[in-house]
Structure formats: C-alpha cells, structure tokens
Amino acid sequence: MERRIDLPIDEAQARELRVGDILFLTGQIFTARDEAHLTMLHAREAGEDLPFDPGAMALFHCGPVVRKAGDGWDVIAAGPTTSVRMEIFEDRFLEAFAPRIVIGKGGMGDRTQAGLEKVGSVYAHYTGGAGALAAKRIERVEDVHWLDELGMPEAAWIFAVKDFGPLLVTMDSAGGNLYKDLEPKIAENMKAIAARIEG
Amino acid sequence: MSGEGVKQTVAEALRIASTVLPADVVDALKAARARETSDLGSAQLDAILENVDIAREGSIPMCQDTGLQTFFVEAGATSPFLAEIRDWIEAAVVDATAAIPLRPNTVDPFTGANPGNNTGRFMPYINWEIVAGDEVTITVLPKGGGSENMSTVKMLPPGVGLKGIKKAVVEHIVSCQGKPCPPVVVGVGIGGGADISLKLGKKAILRKIGSAHPNPDVAAYERELLELVNMSGVGPMGVGGETTCLAVHVEYANRHPASLPLGILVQCWADRRAQVVVKADGTAEVIS
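Quick note, the sequences are listed as chains A and B, same order. Take the first sequence: its position 74, counting from 1, is numbered 74 in the numbering used here, and each next residue is one higher. In short: position in the second sequence from 1, add 199, done, that's the numbering used here.
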C-alpha cells in the first residue's frame, strides 16, 4: 500500500511496514556511504557524541552532487548508490543508531536482513540513477558533516525532504524480502533459458 | 576556432551527455514501459522516465554518478591537431566538472586523494584509433561506477562455442540482479585477448539501441541474447518484470586457437553518450 510518512517514526510504526509498500517521506534524511558509516561507527565505539540524531532520520545510501550557493548548498542530483557495499557493517550500524528506514538501491544481504528484524527497521529501494527526480524532492540542505575529511560524495548530508519517493519496501522487519521472493521464479526461468540454448 | 573553441565544444558535449539521454535510449525505455506487465517494474520505469524529463528540462545531470569521463577518439591521420587533442579534452573535463557540475570521481587508489576535477593519472582516459582523413571524431561515454562494477571478463574453453557464450552472458547478467541499474545495455566482446574482449565490449555499447551488427549472423545472435536475458524476469531495477535489458551489442575479433575470451560490459539505463567532430580548419561541432 502507498504510505505518506512524516519522520521521525518509532519502532512500532516501522514494524508495521511491509514488503511491497510504497513510501513517500517528509522530514529529515541523512546520507551515508562507506566512509560515513565507518566514521559514525568509530565515533560510537570511542564514546563520542554525534553531531546529529540518526535515529530520528531515514538513512540514505547516496553520494550527491551539490553546489555551494551563498552560505548554503544546492542539491543538483542525489539518487541512491549500490547498498550492498554497506553489507559488511550495516547490521552494526542499525544496532548502534536504529534508523527506521534505510534507503538505497539493489537490496542488501542476510546480515542486514537480520539487523532489520532485530532492530525493527525496513530497507526501501529507490530507483537507481533517478538523481534529478530525487533532487527535486529535497527541499534544502540543513547541514553537512565530515565534508573536509570525506569529500562531497562520502560526507553525511542532512536533507529536509518532502514527499521523497516513490520508495519501495523490499526488506522488512518480519522477514519479508522481495529479492528472495523473486529467486524461485528466476530459477524457473533460467531452466527454460538453458533448455532454449541447448535446444 | 581551434583550442578554446574545441574545448568549449567538448565541454558542451559533456553537458549534453550528462543531462540529455539520447533519443534511441528514451524510445527503448518507453517501449519497455509499454510492454511491462509488473506493477513494481512499471513504477521503476515511470520514475526513470520522469527523472529523464526533469534532467533534460533543467539541464541537470540525470544521475548523481556522473561517471568516469571516458573518451573514444577516431583521429584522422592528417588532422593538424593530433598533438593538442589530449590537452583540449582534459581542459574540457575540468571546465565541465565545475560548470555542469559533475561529481568529482577520480580517486588515487594509493592515497585516496581526489583532485576534485575529474582528472588524474591517465584520467580522463582516451582510447585512440588512427583513421584516414583530416577530421577527429571524439565520442564521450560518461560511465557510472555501479554498472562498471558488474563488467567482467571470462576466459572460456573454446569447446563451449557460441552456446557456451550465450549461457555465460545470460548467467552473468541475471546474477547482477538490480545492482547495475537495469534495464541495462550489454556490450559483448568476443575474441582477441582478455583486454581486447573488454575493449570490444565497451566499444559495442557506443552503438545506438536498435542498430544491428553489419554481419547478419552476429545481428541474429544479438537478438537471441536479448530475448534470452529478458526471459529471466529480473526486470527493471531487479524488482521483477519483462525488461532486464534494452539491447545486447556484440563485437568480435579473431582469437587464439586455445582461447575464447568473453568480455561482458554492462551499461546502466542511463546510457549516456555524445559525439564531437573537429574539422581540419579547427572548427568543432556536436554531431550527436
């Protein structure tokens, strides 16, 4: 079902979301790719406070193109990056910070699935490459962290968004997983493909 | 015109490539939308087509991964500008990075340093081919990282033959699932050596969608590969659907008797490209 969501949401609300739901988010989201994940996890392990509250925002796997505009920033293009690169630490990240919605492309693996189930969060797929569409739904850049250390694509950008989507829930907290659901159908199709090649 | 003019024209080609999806690709995406039967797959194609419109109308990059700026240059042997073309292309990349803007995407693998202007050691990369005549044709291919990560080379035992190549291509593209941002364009390079097969595959994706290989047997093989990949059901963005692949383009070279190199080049739906011709009088124009 289609859901308009005002962030932040709590664990109970996140646990109601299901594979197949289409989400449009309004509120704050933060970007984090490989380097920002590591920086935030290291900060947590060192007992340091973060400069923002990731649990109150959606996490967006994204390395945007932004341009300085006066004292602020304009977002030029901001589509999702390939999420599975973050598979090696996303479960730890979920446990540490509990973002209730993880946005990316291409899906993630078993460790993240287990993390989503344990913490009570969902993974939502955003159309890969749709960087101009995403930028249109970002109202403003509210802040940026670790820009000097990590550079433009890897920094943590805080965006205020309105009706950010369509996001398709493909992994949920109840074990639902669109990619796994597709596997038997694709395996069946591969048999037909092999038969045609051999035929 | 010369130096400054050629640089500006190449920079303009980079802007067009980054912001305006070629008409053949848009048509292929619209045709895919028209025959899509999956609601989830249709929603992905709708978002892609809306995104393409927003990028074109606003002259902004269609994807935040504006790619590695990769060039293919057909250099006329009697062009007076052969010594300068590299510098002009590099200057155009620097200017276009600031003006469009493009994401700075050239990272030093040893230090992690990013010069911030899409240049660096061997970057922008230029593939040179010397041809007869006095004109230089420059094709730019801004290639995204997500799809390039799915490209691969396989050194097959020659005994598997053309059937074995079909099987390897389909299995590889299906194993990529949603990661290269399907529906993809696949360049298949066969023969030569490991490096040559990959280069042939990359050259093959420069072809327009809907074009057929001049050898009718190879053209038929391309159509067959496309049908086979699309039987998989992986669909747009890997969420399931009819169209996993918009086109398969094959290029080949003769091979060593002991080797059957297969280069598989994967290009995302944002199959961005543009072309500039530099005439012997120093004028330059964007031709596609």
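Yeah, the Cβ is synthetic: ideal placement off N, Cα and C, and Gly gets one too. Keep in mind it's a predicted model, so treat the numbers as computed, not measured.
- Cβ proximity to chain B below 8 Å picks out C62, G63, P64, V65, R67, I76, A77, A78, G79, T81, T82 and V84 from the region 55-87 of chain A.
- Excluding the 5 residues flanking it on each side, P153 of chain A has same chain C-beta neighbours closer than 6 Å at G63, in chain order.
- In this structure, A403 of chain B sits away from E441 of chain B, with a CB-CB distance that is not shorter than 8 Å.
- Chain-ordered listing is empty here: chain A has no CB closer than 8 Å to the CB of K407 of chain B, the nearest sitting near 20 Å.
- At a Cβ-Cβ threshold of 8 Å, T265 of chain B and P341 of chain B count as neighbours.
- Separation of H455 of chain B and G400 of chain B (C-alpha to C-alpha, rounded to the nearest whole angstrom) is 18 Å.
- For P323 of chain B, the closest Cβ of chain A is not nearer than 8 Å.
- The beta-carbon separation of V209 of chain B and A274 of chain B, rounded to 14 Å, does not stay under the 8 Å limit for a contact.
- Taking a Cβ-Cβ cut-off of 7 Å, the neighbours of N189 of chain A in chain B comprise M430, S431 and G432, given in sequence order.
- When DSSP states are grouped into helix, strand and coil, I408 of chain B belongs to the coil group.
- Of A:V119, A:R15 and A:M57, the smallest CA-CA separation from E142 of chain A is found for A:M57.
- A Cβ-Cβ separation of about 14 Å leaves D91 of chain A out of contact with V122 of chain A under the 8 Å criterion.
- DSSP, reduced to helix, strand and coil, places A479 of chain B outside both helices and strands of the structure shown, so it counts as coil.
- Within chain A, the residues G106, G107 and Y179 have their CB atoms less than 8 Å from the CB of Q376 of chain B, given in chain order.
- The Cβ atoms of L147 of chain A and E249 of chain B do not sit closer than 8 Å to each other.
- Assignment of Q376 of chain B by DSSP, reduced to helix, strand and coil, places it in the coil class.
- Where V205 of chain B is concerned, the enclosing alpha helix (DSSP H) starts and stops at S201 to T218.
- Contact residues of the region 125-142 of chain A toward chain B are H125, Y126, T127, G128, G129, A130, G131, A132, L133, A134, A135 and K136 (C-beta to C-beta distance below 9 Å).
- If you look at R85 of chain A, you'll find it isn't in any alpha helix (DSSP H); DSSP assigns it neither H nor E.
- Interface flag for K365 of chain B against chain A is set, since a Cβ pair is found closer than 8 Å.
- Burial is judged here by how many other beta carbons sit within 10 angstroms of a residue's own beta carbon; F309 of chain B has fewer than 16 and is exposed.
- One thing to note: G432 of chain B has its Cβ within 8 Å of the Cβ of N189 of chain A.
- Annotation for M354 of chain B: A393, S458, L459, P460 and L461 place their beta carbon closer than 8 Å to its own, counting only its chain and skipping 5 residues before and after.
- Taking a Cβ-Cβ cut-off of 9 Å, the neighbours of L182 of chain A in chain B comprise Q376, G432, V433, G434, G437, V438 and G439, given in sequence order.
- By the CB criterion at 8 Å, Q376 of chain B and Y179 of chain A fall inside the cutoff.
- With contacts defined as CB atoms closer than 8 Å, C262 of chain B and G129 of chain A qualify as a contacting pair.
- In the DSSP secondary-structure assignment, G462 of chain B is bridged to B:V352 and B:G388.
- At least one beta carbon of chain A lies nearer than 8 Å to the beta carbon of K362 of chain B.
- Close to G151 of chain A, with beta-carbon spacing below 7 Å, are these residues of chain B in chain order: N313.
- Across the region 437-471 of chain B, CB contacts with chain A closer than 9 Å involve G437, V438, G439, C467, W468 and A469, in sequence order along the chain.
- Excluding the 5 residues flanking it on each side, A291 of chain B has same chain C-beta neighbours closer than 7 Å at K206, V209, A210 and L213, in chain order.
- Taking 8 Å as the cut-off, the Cβ atoms of F159 of chain A and V75 of chain A count as close.
- With respect to chain A, the C-beta atom of G204 of chain B has no partner C-beta closer than 8 Å.
- Relative to L167 of chain A, the option among B:I337, B:L301, B:Q243 and B:I215 whose CA is nearest is B:Q243.
- Secondary structure note for M40 of chain A: its alpha helix (DSSP H) is the uninterrupted segment D34 to E45.
- With distances taken between CA atoms, D34 of chain A lies nearest to A:T81 out of A:G109, A:T81 and A:I5.
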